[in-house]
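**Student:** Count the sequence shown with the working numbering and you get residues 6 to 326, in order.
Glycine included, C-beta positions come from ideal geometry on N, C-alpha and C.
Next up is a structure, given as structure tokens.
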Amino acid sequence: MPRTIVPTDQETLMLAFGDRAVRLTNLRKMFWNEAGLTKRDLIQYYADVSPYLLPHLADRGVTMKRFPNGAAGAFFYMKHAPVSRPPWVKVCPIPHKEVIDFVMVSDLPSLLWVINLGCIDLHPWYGRCDDPDRPDVLHFDLDPGPGAEFAHVCEAALRVREMLDALTMPSFVKTSGSKGLHVYVPIARDPVQKEVWTVAKALAQDLASRHPRLVTAEYRIAKRPRGRVLVDYNQNAWGRSLASVYSVRPTPRASVSTPVTWEELERGITIDMFRIDNVPQRLHERGDLWKGVLGNERFDLRPFISTLARLTTPRGARSAA
């Protein structure tokens, strides 16, 4: 696919993709003052990484997080797809208290249309649109608490990997692009989101019991011990979302949520190593390190769910059954 080039000397531009056209606006607007990056730089980044990003967004609703005045400005979440969207922008209806039509980022035109709305990072659903309550991933959001450093987050991720390896669960790690790391496990689509959350909670609490000086699974801030890394299992709950792989984040240096190998993590990384200005070249050289998240090797959680159900069912109820 030829590279889509967004000119640097225009404020407004119409890009044509066959019978589709995307109007790009305010291209010279500064989005990162400290880094000297404009809205055009953001759009060009997403155009460059689109062959790697789009498969991870396919068939999923996306919550839009819009920054109309750049990374340092106020933002707001937008779930409903705008009524004024182009007719070729697809939607994913997901029941909440009402049915909400989430935007789907299906191709390069729809991706650029969403980014032009001021979306810096993208937040896809864990489940696909044909059954959004049955996710195909389980994950752990590793977040440093007060007194914890990023090096502690890396160590915590390695302990998560040890736990998952012992359970024969495949695991993939990426930077969050902000402060922490995300560890994902591709799972077979069968359990509903609440069941996936239950497994993630049990694993996080077990990890915290094994490594109490390093990690905590305590979700209540007031009760969290200082200097620990939070293994946030609650991000697996219904309606929650994490920034997608290859999402730019609203940090001062426009860091990117980037897949890394476990070997890179062991050698040592920092969040700022992966930015809007160097991730496209990394992808060109190394390809999509998270291709396996979309692959056929998917872990079956059903035996774990059955075991947890037996362990948490009161003895009398089990006897009655």
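Could you have a look at H144 and say whether DSSP puts it in helix, strand or coil?
**Tutor:** For this step, residue 144 is matched to residue 139 along the sequence shown. In the structure shown, H144 adopts extended strand secondary structure according to DSSP, grouped into three states.
**Student:** At which residue ranges does the segment 152 to 229 contain complete beta strand (DSSP E) runs of 3 or more residues, listed in the order of the chain?
**Tutor:** 177 to 180, 186 to 191
**Student:** Decide if R280 is buried, meaning its Cβ has at least 16 other Cβ atoms within 10 Å, or exposed.
**Tutor:** The sequence position of residue 280 within the sequence shown is 275, counting from 1. When all chains shown are included, R280 counts as buried.
**Student:** I need the straight-line Cα distance from Q15 to T9, nearest angstrom please.
**Tutor:** Mapped onto the sequence shown, residue 15 falls at position 10. Mapped onto the sequence shown, residue 9 falls at position 4. Taking the straight line from one Cα to the other gives about 15 Å.
**Student:** Exposed or buried, A156, counting other C-beta atoms within 10 Å across all chains shown (16 or more means buried)?
**Tutor:** Here residue 156 refers to the residue found at position 151 when the sequence shown is read from its first residue. Burial call: exposed.
**Student:** Between the beta-carbon of V234 and the beta-carbon of L219, is there less than 8 Å?
**Tutor:** The sequence position of residue 234 within the sequence shown is 229, counting from 1. The sequence position of residue 219 within the sequence shown is 214, counting from 1. In contact: V234 and L219 (Cβ atoms closer than 8 Å).
**Student:** Using three-state DSSP, classify P149 as helix, strand or coil.
**Tutor:** Taking the sequence shown and counting its residues from 1, one reaches residue 149 at position 144. Reduced to three states, the DSSP call for P149 is strand.
**Student:** To the nearest angstrom, report how far apart S176 and V201 are at their CA atoms.
**Tutor:** Position 171 of the sequence shown, counted from the first residue, corresponds to residue 176. Position 196 of the sequence shown, counted from the first residue, corresponds to residue 201. Answer to the nearest angstrom: the Cα atoms are 15 Å apart.
**Student:** Could you tell me the alpha carbon to alpha carbon distance between H289 and Y57, rounded to whole angstroms?
**Tutor:** The residue labelled residue 289 in the question sits at position 284 within the sequence shown. The residue labelled residue 57 in the question sits at position 52 within the sequence shown. H289 and Y57 have their alpha carbons spaced roughly 10 Å apart.
**Student:** Would Y82 be called buried (16 or more neighbouring beta carbons within 10 Å of its own) or exposed?
**Tutor:** To locate residue 82, count along the sequence shown from 1; it is residue 77. Y82 comes out exposed.
**Student:** Across which residues does DSSP place Y82 in a beta bridge pair?
**Tutor:** Here the question's residue 82 lines up with position 77 in the sequence shown. Partner(s): K70.
**Student:** Take D112 as the anchor and find which of R65, D135, V104 has the nearest alpha-carbon.
**Tutor:** Translated into the one-based positions of the sequence shown, residue 112 becomes position 107. Among R65, D135, V104, the Cα nearest to that of D112 belongs to R65.
**Student:** Span of the beta strand (DSSP E) holding P129?
**Tutor:** Along the sequence shown, read from residue 1 onward, the residue named residue 129 stands at position 124. It spans 124 to 129 - the beta strand (DSSP E) in which P129 sits, taken as one unbroken run.
**Student:** What number of angstroms, rounded off, separates the C-alpha of L316 from the C-alpha of V108?
**Tutor:** Locating residue 316 in the sequence shown gives position 311, counting from the first residue. Locating residue 108 in the sequence shown gives position 103, counting from the first residue. Cα to Cα, the separation comes out at about 40 Å.
**Student:** Quick one: is S89 buried, meaning 16 or more other Cβ sit within 10 Å of its Cβ, or exposed?
**Tutor:** In the sequence shown, residue 89 corresponds to position 84, counting from 1. The residue in question, S89, is exposed, as its Cβ has fewer than 16 Cβ neighbours within 10 Å.
**Student:** Any idea if P12 is buried or exposed, counting beta-carbon neighbours within 10 angstroms, 16 or more meaning buried?
**Tutor:** Working through the sequence shown from its first residue, we reach residue 12 at position 7. When all chains shown are included, P12 counts as exposed.
**Student:** Go ahead and pull the three-state DSSP assignment for L294.
**Tutor:** Sequence index remark: in the sequence shown, residue 294 carries index 289 (1-based). The answer is coil: DSSP assigns L294 none of H, G, I, E or B.
**Student:** If you follow the alpha helix (DSSP H) that D64 is in, where does it begin and where does it stop?
**Tutor:** Taking the first residue of the sequence shown as position 1, residue 64 is located at position 59. Note, D64: premise wrong, no alpha helix (DSSP H); not H, not E.
**Student:** Could you tell me the alpha carbon to alpha carbon distance between T43 and A259, rounded to whole angstroms?
**Tutor:** Translated into positions along the sequence shown, residue 43 becomes position 38. Translated into positions along the sequence shown, residue 259 becomes position 254. If I take the Cα positions, the gap works out to 11 Å.
**Student:** Alpha carbons only, please: which of G232, Y51, Q286, C134 is nearest the one belonging to V119?
**Tutor:** Taking the sequence shown and counting its residues from 1, one reaches residue 119 at position 114. Across the set G232, Y51, Q286, C134, the C-alpha of Y51 shows the shortest separation from the C-alpha of V119.
**Student:** Note down the Cα distance separating A209 from A222, rounded to an integer number of angstroms.
**Tutor:** Taking the sequence shown and counting its residues from 1, one reaches residue 209 at position 204. Taking the sequence shown and counting its residues from 1, one reaches residue 222 at position 217. Their backbone Cα atoms lie some 6 Å apart in a straight line.
**Student:** For a quick check, are the C-beta atoms of E302 and P191 less than 8 Å apart?
**Tutor:** Your numbering for residue 302 matches position 297 in the sequence shown. Your numbering for residue 191 matches position 186 in the sequence shown. Yes, these two residues count as a Cβ contact at 8 Å.
**Student:** To which residues of the same chain is D136 closer than 8 Å at the C-beta, ignoring the five residues directly before and after it?
**Tutor:** The count along the sequence shown starts at 1 and reaches residue 136 at position 131. Contacts found: R194.
**Student:** Cα-Cα, which of G75, N239, A314 is closest to K206?
**Tutor:** Working through the sequence shown from its first residue, we reach residue 206 at position 201. With respect to the C-alpha of K206, the residue from G75, N239, A314 having the closest C-alpha is N239.
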